[in-house]
Structure formats: structure tokens, C-alpha cells
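Notes follow the structure.
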Amino acid sequence: MIKGCILGLDTSNYTTSAAIVDLEGSLIYQERILLDVKIGERGLRQSDALFQHVKNMPSLFKELKAHYKIYPIHGVSFSSKPRPVEDSYMPVFLAGTSYGETIASLLGVPCYRTSHQENHLEAALWSIQINFNRPFLAVHISGGTTEILYVQPRPVGYDTLIVGGTADISAGQLIDRIGVAMGLPFPAGRHMDAAALLKEGTSLQLPVSVKNGWINFSGVETKVLRMIGEQQEYNDSYAKALLVCVARSLEKAIAHCCKQYNLQDVLMMGGVASSQVVKKFLIENQNEKKIRYYFGKPEYCTDHAVGTAFLGLKKYLAQP
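Residue numbers for the sequence shown, in our numbering: 452 to 771.
Written as C-alpha cells, this is what we have:
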């Protein structure tokens, strides 16, 4: 086998990422840099995130140097848009696209465009060594997205159709907004999970609003923010109740979509899928709902470029 590698890049809303896979399909390097969000802020403007990506890229490439000397780069793959549909666009992905095309041009190697969502799909399946050759549901739950997807695998990549999710704010936005109100750093997901795990049980139960696979979280946000303003000393209880509410809402929406499309296999991906509280709730109730949940490994649920690199490898190997 020729020694070489595929470089993958992903520049999402909150993370600058790079990964290298060799031509035999082994992950040999990955690195990520979280974008800086000021304490008390609930996110970044696209222009600010794009600026930070441009600043972060040279640091990632310094670390890459030792690896591509051993494994020459044979192709560059990058996330050029959020979803694998024609009109999908977000400015932050211009950073990865620009660097990816430039590197490929300088080295005289092919470049491969993919999407951030396919990156998550590919990495989650790779991390648990699952390869579906049939349709399945995927639940993409992250800082900016809560989508239930009907997924049809292709030889390289995936066709996706949104069949459920949130009708207002995403699960990640809900968690981040409540977390910041509790005084936690942004993004607040792992801090909320840690706080919730300190609480063995809670009598507080938040309302769930789900209709035909679509969730509304804005009412819960208003209720919890009001409770925090009145009694902040119960933050652990609020964190536990909120994550259980997210899990109950997801379970109800997923069950509807599984029944509608006659599917049982459900892949969980994205940062919120790494929540131990959410995962425990869904797994404990999967038999009752006749659903099989597959959770990507936690380190491949948050943003990265691993799936992008593997998709690039598949495209490279598929060349005549």
C-alpha cells in the first residue's frame, strides 16, 4: 500500500478542527481548538467565529507537520457547508474551504467537499464500528442544531431528510442559555452534565412539548430562567431537571419518527449526545419503545474533523 494520508478540516461555530487518516483507514492525528467566548456571552457572531478560525489554522498546521512528512498528503477534505443540501450555507465554513482549497492547490492533490452534518454521521458510525447499509434515523443535537434525520447511506456520504427536531430553539441553545444564567462557562453542556450528576434525584419535573416529532423548548427556557432568578441555590436540581426534560422530549419525538418511517435504529450524534444524563435516560427506556440507540463515542460527538477526513478517504479510494 502506498504510504500517504488524507487531511480533513472542519470550521464549525465553536471549534477549529483538523484530522489525518492514512490510506489504510487509520486515524493518525486529530486536533481541535475551541473558539473563545467571553464569560457571560451566549455565543459568537459568524464574523467573529470566522476571524478566530483564520487565527487558529496556523497553530493546527504546526502540529500537522510531523505527521505529513511521514504520510504525504494525497487529498484534502473539508466541510464546506452545514448540511448536504444545495442551499445550505454558513460563513464559518469559508475558513476551512479556503484553507483546504489552497493546500490542495499548492500540493497538486484533489480536494473533496463534504458537509458538517456528514462529518458527524461518518465519525459517529466509525467510532462504534457500525456500518449501516439500510436507512436509519440520526439525531443531530448540538449547540445550534436539533434535527431528527431520515438517513439513506450512499457509497460515499449520506442523503438526509429532516423529519423532526425543534420548532424553536435547539436543545444545545436551551442548555447553553440556562447554563450561562447559572454562571457556567459557555458552551455549558459538559458543566451542566457535571452539575446534574451531583444530584441523585429531583422532584422537579419540567413540562414537555412535542407534536408530531417536533419539540418546543422556549416555554421551558422561560420557566427555568424565572426559577433561577428566584432561587439560584437550587442550580443542581435545575440542571438535572432540564437535561431529563431534554431527554424526555427527544424520546417522544424520536418514537414518533420511528413509528412514522418504520425504523428502529437511531444514531445519536452531536455535542448534546455526549451528555451522560440524556444517554442514561434514553437507553433505560429503549426496550419499552422498541428502539435501538447507537451513541457515537463522546470524544467524537463534539465538533471535530475526523468524519471529514474519512469521507475524503472514501472519495479518494473511489477514484478510478
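Heads up, the beta-carbon is just placed ideally off N, CA and C, and yes, glycines get one too.
Contact set for residue i: own chain, Cβ-Cβ below 6 Å, skip 5 residues either direction
i	result
Ala-690	Met-643, Ala-646, Ala-647
Asp-473	Cys-456, Ile-479, Tyr-522
Ser-700	Val-659, Val-661, Ile-666
Glu-598	His-591, Ile-613, Gly-616
Ala-756	Gly-459, Leu-460, Asp-461, Ser-468, Ala-469, Ala-470
Best match in the options for proximity to residue i [C-alpha to C-alpha]
i	options	result
Gln-568	Arg-534, Ile-579, Ala-546	Arg-534
Gly-594	His-518, Ser-463, Gly-459, Glu-750	Ser-463
Trp-577	Pro-771, Cys-752, Gly-623	Cys-752
Arg-628	Lys-766, Glu-750, Glu-475, Val-675	Val-675
Lys-748	Thr-467, Val-488, Ile-581, Asp-499	Ile-581
For residue i, the first and last residue of its enclosing alpha helix (DSSP H)
i	result
His-755	No alpha helix (DSSP H) contains His-755, which DSSP labels as neither H nor E.
Thr-553	544-558
Glu-514	497-521
Leu-648	640-648
Asp-461	Unbroken run through Asp-461 is the beta strand (DSSP E), 456-462; no alpha helix (DSSP H).
Simplified DSSP assignment, three categories, for residue i
i	result
Ile-620	coil
Thr-673	helix
Gln-580	coil
Arg-564	strand
Arg-493	coil
Tyr-540	coil
Met-719	strand
Val-602	strand
Ile-453	coil
Ser-528	strand
Gly-680	helix
Leu-612	strand
Where the beta strand (DSSP E) containing residue i begins and where it ends
i	result
Val-472	466-473
Ala-589	587-592
Gln-481	478-485
Arg-743	743-746
Beta-carbon contacts of residue i that lie in its chain and below 8 Å, excluding the five residues immediately before and after
i	result
Val-631	Gly-491, Glu-492, Arg-493, Phe-637, Ala-639
Leu-625	Phe-668, Val-671, Glu-672, Leu-693, Val-697
Gly-722	Ile-592, Ser-593, Gly-594, Gly-623, Pro-638, Gly-640, Cys-752, Thr-753, Asp-754
Ser-621	Ile-592, Ser-593, Gly-594, Gly-595, Thr-596, Thr-597, Phe-668
Close beta carbons around residue i, own chain, < 7 Å, minus the five adjacent residues each side
i	result
Leu-558	Ile-524
*Does the segment 704-722 touch the segment 614-627, meaning 3 or more C-beta pairs lie closer than 8 Å?*
At 8 Å Cβ cutoff, the stretches touch.
*Contact between the segment 507-525 and the segment 732-746 (3+ Cβ pairs under 8 Å)*: As far as the Cβ criterion goes, the segment 507-525 does not touch the segment 732-746, which means the pair count is below three.
*Would you check if there are 3 or more beta carbon pairs closer than 8 Å linking the segment 549-569 to the segment 728-738?*
The answer is no - the segment 728-738 does not touch the segment 549-569, with fewer than three Cβ pairs under 8 Å.
*Report yes or no: do three or more beta-carbon pairs, one from the segment 747-766 and one from the segment 570-577, lie closer than 8 Å?*
Short answer: they touch.
*Okay, do the segment 540-559 and the segment 495-506 touch, 3+ Cβ pairs below 8 Å being the bar?*
A contact exists between the segment 540-559 and the segment 495-506.
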